[in-house]
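Below is one structure; the comments refer to it alone.
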Amino acid sequence: MSRCFRSPLISLSVLGLAVTACGDDDASDSTELSGAVTVFAAASLTESFTEMGDAFNAEHPDAEVTFNFASSSDLVTQINEGAPADVYASADQDNMTKLTEAGNNAGDPELFAKNSLEIAVEPGNPIDISELADLENPDLIVVTCAPEVPIGAYSAEVFDNADVSVEADSFEEDVKAVANKVALGEADAGIVYSTDVIAAGDTVEGVEIPDDVNVTPEYPIATTDEAPNPDGGAAFVEYVLSDAGQEKLQKYGFSAP
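Per the numbering used here, the very first residue in the sequence shown carries number 236; after that it's consecutive.
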């Protein structure tokens with residue numbers, strides 16, 4: 236806690252000067268954050284943002300970060316329809332544009348991370364899937380997301396780049412649902428972010444997609460115009476962009492913007 240205090244009226248006051256004495260705390264602590272900080276974030280950020288939230292809460296004990304993790308498309312729809320959020324972090328630029336075009340951002344969006352895509356398969360890769368063309372096999376159960384969900388749009392782009400035609404057997408609600416379906420053995424393969432393969436541990440295995448057909452998802456973040464806690468939201472965005480925040484993102488496989 237900052238130990239700053241304003242001096243009582245003394246002779247300097249006649250000169251119109253305010254005298255402040257402070258302890259050793261730095262200036263950034265002069266305004267204490269408090270209350271709930273609500274962050275709407277893409278599902279692929281679950282692990283990294285949860286760790287950042289814990290660190291942020293430890294630095295600001297009177298504030299508490301809470302998260303709503305879901306597909307970027309669902310989240311921006313919720314915000315644009317009036318759901319209270321201080322921060323929006325998207326897995327693509329298109330959904331962030333929906334926020335800015337509606338005038339529901341407070342500051343300009345800033346890129347904070349990049350990602351890549353992989354094919355998620357069961358551990359040990361029992362069907363021996365080695366490339367995107369293998370997913371054209373009609374006997375395989377392949378899952379992805381609808382095109383309005385970032386991973387769904389990215390998957391379609393990758394298929395086009397590789398000149399393959401893949402018929403998805405189901406469209407899941409977000410990328411975590413895709414990974415979970417593969418992990419549970421309910422699907423033979425799915426397109427996910429590389430970070431989701433890392434987050435899944437030993438429950439799924441990743442098959443790399445060549446760079447010449449892969450894509451590089453970009454993640455923007457912004458505070459919202461109707462933020463219930465604008466100071467808290469701005470501070471969380473600052474933390475995400477800081478060296479400490481970037482270190483946590485890279486720990487989970489994200490690359491720098």
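Even glycine gets a Cβ: it sits at the ideal position worked out from N, Cα and C.
So the beta strand (DSSP E) residue i belongs to, where does it begin and stop?
i: glutamate 267; result: Glutamate 267 -> no beta strand (DSSP E), and no H or E assigned at all.
i: glycine 425; result: 424–428
i: isoleucine 354; result: 352–356
i: alanine 324; result: 322–324
i: valine 442; result: 440–443
Under 8 Å between the Cβ atoms of residue i and residue j?
i: valine 393; j: valine 448; result: yes
i: leucine 352; j: tyrosine 428; result: yes
i: proline 385; j: proline 452; result: yes
i: lysine 411; j: glutamate 286; result: no
i: alanine 459; j: tyrosine 323; result: As written in the sequence, residue 459 is threonine, which differs from the alanine given in the question. Result yes, Cβ atoms of threonine 459 and tyrosine 323 sit closer than 8 Å.
i: valine 450; j: valine 417; result: no
i: serine 307; j: asparagine 330; result: yes
i: leucine 476; j: phenylalanine 347; result: yes
i: alanine 298; j: glycine 467; result: yes
i: valine 413; j: alanine 355; result: yes
i: alanine 277; j: alanine 326; result: yes
i: glycine 288; j: valine 300; result: yes
i: cysteine 380; j: glutamate 402; result: no
When DSSP labels each residue in this structure, what does residue i get in the three-state scheme?
i: asparagine 315; result: helix
i: glycine 338; result: coil
i: phenylalanine 489; result: coil
i: isoleucine 433; result: helix
i: asparagine 303; result: strand
i: valine 450; result: coil
i: glutamate 345; result: strand
i: glutamate 473; result: helix
i: glycine 359; result: coil
i: alanine 278; result: helix
i: alanine 496; result: The structure shown does not extend to residue 496, since the chain spans only 236 to 492, so no value can be given for it.
i: cysteine 479; result: Just to set this straight, residue 479 is alanine in the shown sequence, not cysteine. Reduced to three states, the DSSP call for alanine 479 is helix.
i: alanine 462; result: coil
i: alanine 256; result: Any answer about alanine 256 is weak, because its pLDDT of 38 lies below 50 and its placement is not dependable; what the coordinates show is given next. Three-state DSSP puts alanine 256 in a strand.
What's the gap between the Cα of residue i and the Cα of residue j?
i: alanine 424; j: histidine 295; result: 42 Å
i: glycine 441; j: valine 432; result: 6 Å
i: threonine 281; j: alanine 290; result: 14 Å
i: glutamine 313; j: serine 365; result: 38 Å
i: isoleucine 376; j: glycine 488; result: 27 Å
i: valine 472; j: alanine 271; result: 14 Å
i: glutamate 357; j: isoleucine 426; result: 12 Å
i: threonine 273; j: proline 463; result: 8 Å
i: asparagine 315; j: lysine 333; result: 8 Å
i: serine 283; j: glutamate 421; result: 26 Å
i: glycine 342; j: proline 361; result: 48 Å
i: aspartate 309; j: glutamine 485; result: 25 Å
i: glutamate 383; j: valine 399; result: 20 Å
i: proline 373; j: aspartate 404; result: 9 Å
i: asparagine 292; j: isoleucine 456; result: 19 Å
i: glutamate 461; j: alanine 337; result: 12 Å
Within the continuous alpha helix (DSSP H) that includes residue i, where are the two ends?
i: threonine 281; result: 281–294
Within 8 Å (strictly less), CB to CB, does residue i reach chain D?
i: asparagine 464; result: Although the question refers to chain D, the structure presented lacks it and comprises just one protein chain.
Exercise for the section: Could you name each continuous beta strand (DSSP E) segment of 3 residues or more that falls completely within the region 364–422, going from the start of the chain to the end? Expected result: 377–380, 405–407
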